[in-house]
Structures are given as C-alpha cells and as structure tokens.
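Numbers 499 to 886, taken from our numbering, label the letters of the sequence shown in order.
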Amino acid sequence: MTSLQDSSPTAALRVAVVPDSFKGSARASEVAHAISAGFLSGADSLGREVRMTTLPFADGGEGTLEALIDAWGTEAIPVQTTDALNRPVISRLGLSADGKIAVVEAAEAAGLPQVADAPRQPLSATTYGLGALVSRALDLGAGQIILCLGGSATTDGGTGLLSALGAKFLDADGNQLQPGGGPLNDLHRIDISGLDPRAAGVVWQIACDVTNPLLGENGAAAVFGPQKGASPTDVAALDAGLARLADVLETVTGRALRDQEGMGAAGGLAFSLGSYFTVDLVPGWELVARVLDAHRIMGGADLVITGEGRLDSQSLQGKVVSGVLQATGGDVIVIAGSVDLDPQVLADAGILAAYSIAPGPATLEELSADVLGLLRRTAYSVARTYLR
C-alpha cells in the first residue's frame, strides 16, 4: 500500500480510525468519533481531502460487547441474572442487527468488578449467572454465541454456566453440588438429561488470549486464582476440584481437553463447554476482527489511527494495537492516554508515531474528565503534523 508520503499531495487520504475503549473514561465508539472529528478538522484547516472510516474495536475482553453493538447499530439487552456470588444483578448481552450473533461477556455476570464490594469467595464463585445470559441469547434465536472471557471472578470450570443450561453436577449420594470450584472435589457424576438441546446447535466462538492449560502450576487456579482472592490452600483445592471435573468429563465424553491451550482461561470457563459442545477458541482481537470485517477495512487504508488508555508493552501482545499492526500495510499512529514505550520500541513494532492526550503533567482523574476533548485536540494536531 502506498502511504501519503508517496502519493500526490492532492490525493484523498484514506484513514481508518480503529481504537479500543479508554477503560473507565470512554467507550470505543466515543473514542473513534472524537479522533475522527479532530483529524477531519485538522485536515480541513490545511485544505486536505480525507476519506474517513471509523471502526470501534476491542480485544475480546471487557468492552467487546459495547464495541460490537456500536458497530452493529444495536442496543445492549438487559437481562435479570446473578453475579459470581449468586446475588441478583441486571446484566447485558448484545445481538447483531439480524439477530444471528449474540455476544456475552463473562465480566457481565461473573466479573470481578461486580463483587468488588464484598469479600472474595474463590471456592464458591460461580458462572451460573453467565449461563442465564447464554440462555436468554438462545431464547432470542441466536445461532452464534461469542463468549468473551476477560475479567471473571470464578474458577468453577464453567460448571455454573452448564448448570444454568440444565446440567446437574452430583456427589456420590446423588445430591447436587453447591456452586463453585471448591465443591467439585466431591463430584461423582454429571446428569445432562435436562441440558438445553439448543446449546449444542449453536456456533460457539470463545475469545481467549491466554494459553494456560486447565491444571497445574500454569493452570487456571495457580495463575489466576490469587487475583480472585484464592489463598495457597484455596488454590490447591480449586486445582484438585478442576482435576476431578476433568476426570469425570473425560470418562463421560471421551474428550481429553485438560492440556489444551486456553482451557485455563477465566477459571476454566471453556472446559465444560468444550467437553460437550464444539467450541472455537480464537484470540480475542482476531475474533472481533472477523465479525467486523476489520482486515478488509484496514487493508484499504493509507493511515490507521488506533488508541487505548495506556500504550505499553502489553499493547504489542494480543491487544488492539498489535492487531492493527498485523492487519494494515499503511502507516499506523497511536493516540493514548499515556505512552510508556520508547521511540525505538515503537519504530521496531511498526508504529509511525504515538501521541499522549495529556497536554502536560496530569492525574488520571483530570485526563478522564475531558478525555473526548483531549482526543479531539490531539487528533487535530496529528492531522496537521501528518498532512503537511
């Protein structure tokens, strides 16, 4: 692809604005529109013609629901369900304009932010509420479910989700287990006679950006349990419970998934699903890119402007910025709340330039208070610098 520097100064520049959300400050669609408005204003001040495309984006974690419904032009659907501590909450799911694709975030009904006001309960935290969201998506007629795993507070191997869909996890006396990963140590058998048959007929796509297996020192409990409040004793109990779940499921289904990459994500959330259904684990950015046809849009751009709250080393590993760099042959500019990479690292990654929206020393609260205005002003300056 030819960049602006190699083209006629009067040619219309093709610009794609493909940002992530600025978490806690602005959703991806707001960021995209602010950057677009600022860049167009800067181009107009120079008398330059620009063809602008905005594509709010996400990396498959929190914020993916909002990015997709904004792109689809639909609204989030409220659903009465429960959080990871089994308390009533109103959560959301997204549905494409044609009603065929539903997007469900683990963080919406089994997320850490929802339980921040209560003592952590790592052994009993459950994905049951997430299953209620999935059930509602099935009621609405979705034929494809995108499940985003980021931000979960649970380590139950997805058993709560399956319970909400009608499965029963039983002990040796035939009693139904209490919710959570801890009680799985007493698992004896699984009754799927009441499992919702619709769940086997949909396409399951799971946004997963980690490669951890289910068990062991690199598994769900050991790596992610502590951030969910698990003590060393809890971690051992959770790992043992997941091992018991794996033993039972492998015997029943014949599917040996415990060592598969990604099965340890979100407390083993995909494990039970993958044991009964056909699931496709896809890197989060790539999954969103497929749904939004992002490769085609960015592949036709001379310049892609992306952004996120903080540009650091993690941005280059499976996040929106790294995906943009893979998808475009044009120039890439990043606008971020803060830039924590040195110029050589940026250049080596293929980033033409990176700009912080901060006009000077400022607190996060100060930046958040006027994030959209700062984005517009920064994008205006970017246009005047880039287009000269």
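We put the CB at the ideal spot given by N, CA and C, even for glycine. Since this is a predicted model, take the numbers as computed values, not measurements.
### Query
Taking all protein chains shown into account, do 16 or more other C-beta atoms lie within 10 angstroms of the C-beta of Lys598, making it buried, or fewer, making it exposed?
Counting the other CB atoms within 10 Å of its CB gives Lys598 a total below 16, which places it among the exposed residues.
### Length at least 4, wholly inside the region 629–707: the alpha helix (DSSP H) runs in chain order
If only complete runs of 4 or more residues are kept, the region 629–707 shows the alpha helix (DSSP H) at 657–662, in order along the chain.
### Query
When you compare only the Cα positions, how much space is there between Arg512 and Glu606?
So the two alpha carbons sit approximately 36 Å from each other.
### Segments of 4+ residues assigned as alpha helix (DSSP H) that fall wholly inside the region 567–630
The DSSP assignment places complete alpha helix (DSSP H) segments of no fewer than 4 residues inside the region 567–630 at 604–608, in order along the chain.
### Query
What do you reckon, are the CB atoms on Leu779 and Ile704 nearer than 8 Å?
Taking 8 Å as the Cβ cut-off, Leu779 and Ile704 qualify as a contacting pair.
### Task
Compute the Euclidean distance between the alpha carbons of Ala630 and Thr579, then round it to the nearest angstrom.
Approximately 6 Å, taken between the alpha carbons.
### Sheet register partners of Glu806 (DSSP bridge)
Answer is Ala834.
### Query
Excluding the five sequence neighbours on either side, which residues of its own chain have a C-beta within less than 7 Å of the C-beta of Thr709, listed in chain order?
The residues Glu759 and Gly760, in chain order, have a CB closer than 7 Å to that of Thr709 in the same chain once the five nearest residues on each side in sequence are set aside.
### Chain-order list of residues whose beta-carbon lies under 7 Å from that of Leu865 (same chain, five-residue window excluded)
For Leu865, where only same-chain residues beyond five positions count, the Cβ hits under 7 Å are Gly835, Ile855, Ala856 and Leu872.
### Query
Just curious, the alpha helix (DSSP H) that Ser770 is in, first and last residue?
Secondary structure note for Ser770: its alpha helix (DSSP H) is the uninterrupted segment Leu767 to Tyr774.
### Query
Is the Cβ-Cβ distance between Ala514 and Ile795 less than 8 Å?
A contact, by the Cβ cut-off of 8 Å.
### Message
Runs of 4 residues minimum, wholly inside the region 852–886: which ones carry the alpha helix (DSSP H) assignment?
### Response
Within the region 852–886, the complete alpha helix (DSSP H) segments of 4 residues or longer fall at 862–867 and 869–884, listed in chain order.
### Query
With distances taken from CA atoms, which of Arg585, Val601, Pro586 and Asn584 is nearest Gly592?
A check of alpha carbon separations from Gly592 across Arg585, Val601, Pro586 and Asn584 identifies Val601 as the nearest.
### Message
In this structure, how does DSSP classify Leu511 when only helix, strand and coil are distinguished?
### Response
Leu511: strand per DSSP, three-state reduction.
#### Entry: Residue environment, Gly858, which counts as buried when at least 16 other CB atoms sit within 10 Å
Exposed is the call here.
### Message
By the DSSP assignment, the alpha helix (DSSP H) with Met796 in it spans what residues?
### Response
Per DSSP, Met796 belongs to the alpha helix (DSSP H) from Ala792 to Gly797.
### Query
Rounded to a whole number of angstroms, what is the C-alpha to C-alpha distance between Ser589 and Asp557?
About 20 Å.
### Query
Would you call the CB atoms of Val587 and Gln619 closer than 8 Å?
Not in contact: Val587 and Gln619 (Cβ atoms no closer than 8 Å).
### Task
Would you kindly work out how many angstroms separate the C-alpha atoms of Ala565 and Asn673, rounded to a whole number?
Those two C-alpha atoms are separated by around 42 Å.
### Query
Below 8 Å between beta carbons: does that hold for Ala852 and Val832?
Their beta carbons are under 8 Å apart, which means Ala852 touches Val832 by this criterion.
### Query
Under 8 Å, do Ala604 and Leu647 count as touching if we go by C-beta distance?
With respect to Leu647, Ala604 sits close: the two C-beta atoms are nearer than 8 Å.
#### Entry: Segment limits, alpha helix (DSSP H) that includes Arg549
Arg549 -> not in any alpha helix (DSSP H); beta strand (DSSP E) instead, spanning Val548 to Thr552.
### Task
Label Asp707 either buried or exposed according to how many other C-beta atoms from any shown protein chain fall within 10 Å of its C-beta, with 16 as the threshold for buried.
That one is buried.
### Message
Excluding the 5 residues flanking Arg886 on each side, which residues of the same chain have their C-beta closer than 8 Å to its C-beta?
### Response
So the qualifying residues of the chain are Leu544.
### Message
Since Ala744 and Leu713 should fall inside the 8 Å C-beta cutoff, what is the C-beta to C-beta distance between them, to a whole number of angstroms?
### Response
That belief holds up - the Cβ atoms of Ala744 and Leu713 are roughly 7 Å apart, short of 8 Å.
### Task
Verify whether the separation of the beta carbon atoms of Asp518 and Gly561 is less than 8 Å.
In contact: Asp518 and Gly561 (Cβ atoms closer than 8 Å).
### Cutoff 7 Å; reference Val750; Cβ partners in own chain excluding five residues on either side
By the criterion of a C-beta distance shorter than 7 Å, Val750 is surrounded in its chain by Ile688, once the five residues flanking it on both sides are discounted.
### 8 Å Cβ cutoff met for Leu682 and Leu740
Yes.
### Task
Helix, strand or coil for Ser505, going by three-state DSSP, please let me know.
Residue placement at Ser505 is flagged as unreliable, the pLDDT there being 39, under the threshold of 50; the coordinate-derived value follows with that caveat. If DSSP states are grouped into helix, strand and coil, Ser505 belongs with coil.
#### Entry: Of the listed residues Gln824, Asp568 and Pro677, nearest to Tyr626 (C-alpha basis)
The option with the nearest alpha carbon to Tyr626 is Pro677.
### Task
Assuming Phe537 contacts Ala799 (C-beta within less than 8 Å), just tell me the rounded distance between them.
The Cβ separation is near 12 Å, so there is no contact.
### Query
By how many angstroms is the C-alpha of Val818 removed from the C-alpha of Ser770?
Looking at the two C-alpha atoms, the distance is approximately 28 Å.
### Message
Just to check my reading of the structure: Gly717 and Gly762 have Cβ atoms closer than 8 Å, yes? What is that Cβ distance to the nearest angstrom?
### Response
Yes, Gly717 and Gly762 are in contact; Cβ-Cβ is about 5 Å, under 8 Å.
### Query
What's the C-alpha gap between Asp791 and Arg634?
Their backbone Cα atoms lie some 26 Å apart in a straight line.
### Asp829 - DSSP class collapsed to helix/strand/coil
Strand.
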